[in-house]
Amino acid sequence: MTKVGAEHVLFAIDYPYEDSYVAAEFLAKADLDDQQRALISHRNAEQLFRVPPLV
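Note that numbering that gives the first Met the number 0 numbers the sequence shown so that position 13 is 12, with each residue one more than the last.
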């Protein structure tokens, strides 16, 4: 994160091999501010895949 920035990171899990609850907890507890968390969890993917924001 410190080298590339939150705007260049996407959140993903290795389903079905990784528990999605554990992955979501990891993201929720990560040392990120709200803006960084939003970028990583969904905003970057919305922009990359040209999907309109849900909210």
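Virtual Cβ for every residue (Gly too), placed ideally from N, Cα, C.
Distance between Ala5 and Leu38 (C-alpha atoms, nearest Å)
The straight-line gap from Cα to Cα measures roughly 6 Å.
Inter-residue Cα distance where the pair is Leu53 and Ala11
Computed Cα separation, rounded: 18 Å.
Cα-Cα, which of Arg42, Val50, Tyr20 and Lys28 is closest to Leu9?
Closest option to Leu9, Cα to Cα, is Arg42.
Is the separation between the beta-carbon of Arg36 and that of Leu47 shorter than 8 Å?
A distance of 8 Å or more separates the beta carbons of Arg36 and Leu47.
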